[in-house]
Structure formats: C-alpha cells, structure tokens
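So the structure is just underneath, and the comments pick up after that.
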Amino acid sequence: MRSFFILLCCSVSLLFAGTIKPETESIEYDSQAYIYDWKQDLKLTQKQFKKLRDILRDYRLQNSSIQDDYARNSALNHNLFIENQYDATYYIESSMQIERKRLEAEKNFFTKIHHLLTPEQRKAFAKNIDDWSIQR
C-alpha cells in the first residue's frame, strides 16, 4: 500500500513536469505574468526587462508592506471602536500617513519606469497603462 502511494505521487509529479514553459520556470511568473506582455508590447531590451523586473519586485514588496499597514490600522480602529476609545482624528492621521507612503511608492515606481523607457516606449506604456494596471 505504501509503495503504491509513493508510485502514485511520483506518477502525478511526472505528469505535470513537462508543462512548465522554459521562460516561466521562475516562481514570479504567475504573479507577474503581465511583465512578459510588457516586454513584447514595449519592445524592451533584455537589460530593460531585467531592470523593469527589479522595479516591479521592489514595488510589490513595498505594496505588500503598505497593505499590512492598512490591515493593522483597520484592526486597531476596529478594536478602539469596540472598546469605546474611538479616536477619529488618530484614525484619519494614521490612514493619511499610510496613504502618503503608498503614493510615495507609486511615484517612485512610475519615475523609475519613466527613466527606464525610451520616448517611444513611454508612449506605448501610457497608452496601455489602464489595461496593465498595477495590482496592489
């Protein structure tokens, strides 16, 4: 029975082993699949592509941290509300601080992309920016 289970597991893993495309072997592909569309649509050089991938990675890390800040702020607000210690001024100030952090990250993201792209690539990027909206 045990050897049958091991054989079954190996068979299933072999079944899926050949389905990964060479360019998608990176674990980042699923969460950043659109970067490959950008590479093609913007006609990025390999150097630009690598730099853009780094910019996106950094932006996602910053956004993850910011989302954590929003969640902590929301939980704190919830707890203060329940405990009858709600402070609207504090909530607004802390929310604005997080929002400023988010806007700063977004500004840096777009500034870096702007410096990376050629004028023609910028036009293509701007044309499709809504379609390619950055997932937060």
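Mapping of the sequence shown onto the numbering used here: residues 1 to 136, in sequence order. Even glycine gets a Cβ: it sits at the ideal position worked out from N, Cα and C. In this text, all values refer to a predicted model and were calculated from it rather than measured experimentally.
In this model, N128 and Q121 are separated by some 11 Å (Cα to Cα).
Inclusion of Y70 and F109 in the CB contact set at 8 Å is not warranted, their separation being larger than that value. Its chain contains L80 as the residues whose beta carbon lies nearer than 7 Å to that of Y86, once the 5 sequence neighbours on both sides are disregarded; these appear in chain order.
Going by DSSP, D58 is part of the alpha helix (DSSP H) stretching over 46-82. Between the stretch 38-54 and the stretch 89-97 there are fewer than three C-beta pairs closer than 8 Å, too few to call the two in contact.
Note that the C-beta distance between L117 and L42 is below 8 Å. Annotation: the continuous alpha helix (DSSP H) that includes L103 extends over 88-116.
Scanning its chain for C-beta atoms nearer than 7 Å, with the 5 sequence neighbours on each side dropped, one finds around A124 the residues D41, L42, in chain order. If you check the CB distance, R53 and I35 come in under 8 Å.
In this model, Y91 and Q62 are separated by some 22 Å (Cα to Cα).
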